[in-house]
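Beneath this line is the structure, given in structure tokens, with notes to follow.
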Amino acid sequence: MERERFEWLVARAVESLPEEFRTKLENVDVVVEDWPTQAQLAKAGVRRHETLLGLYQGVPLKVASHSSIRIMKVPTHVGSATGFSL
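Now the structure itself:
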């Protein structure tokens, strides 16, 4: 899937969340990345032959002034090999 299309789908998914959840995302950036970094994988405890599809980075929302949610755009064949689908 092309990155532009994937970003559009992510934006639509966020927009379609119920209002009670969207308001909690006001100070949270939703960022699309192609792949997680080695540091992100290590911190999340992801093992070899596994991948990370999303990650919240920041402090708890009750305390946070700004945080981010990272959505990984891994190739679809990686996802289907690990048992999930888009």
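Just add 16 to wherever you are in the sequence shown, counting from 1, and you've got the numbering used here.
Glycine included, each C-beta is placed from N, C-alpha and C at the ideal position.
Given the structure is predicted, the values throughout are model-derived calculations rather than measurements.
What does the alpha-carbon distance come out to for the pair residue i and residue j?
i: T67; j: E23; result: 19 Å
i: G99; j: A29; result: Only weak support exists for where G99 lies, its pLDDT of 45 falling under 50; the coordinates are left without a value.
i: S39; j: R64; result: The sequence given here has Thr at residue 39, not Ser. Distance between the alpha carbons of T39 and R64 is about 36 Å.
i: V44; j: S83; result: 5 Å
i: E36; j: R21; result: 26 Å
i: S32; j: P76; result: 23 Å
i: A58; j: M17; result: 27 Å
Apart from the five residues just before and just after residue i, which ones in its own chain have a Cβ nearer than 8 Å to its Cβ?
i: V26; result: V46, V48 and I87
i: R19; result: V48, D50 and K89
When you compare each of the options to residue i by their alpha carbons, which one comes out closest?
i: A60; options: L71, D50 and E31; result: L71
i: L69; options: I85, P76 and V75; result: I85
i: Q56; options: E31, L41 and G74; result: G74
Can you have a look at residue i and say buried or exposed, based on whether 16 or more other CB atoms are within 10 angstroms of its CB?
i: P34; result: exposed
i: P52; result: buried
Report all residues from its chain with a CB closer than 6 Å to the CB of residue i; omit the five preceding and five following residues, and keep chain order.
i: D50; result: K89
i: V62; result: L68
Counting only beta-carbon atoms, is residue i nearer than 8 Å to chain B?
i: G61; result: Among the protein chains of the structure shown there is no chain B, as only one such chain exists.
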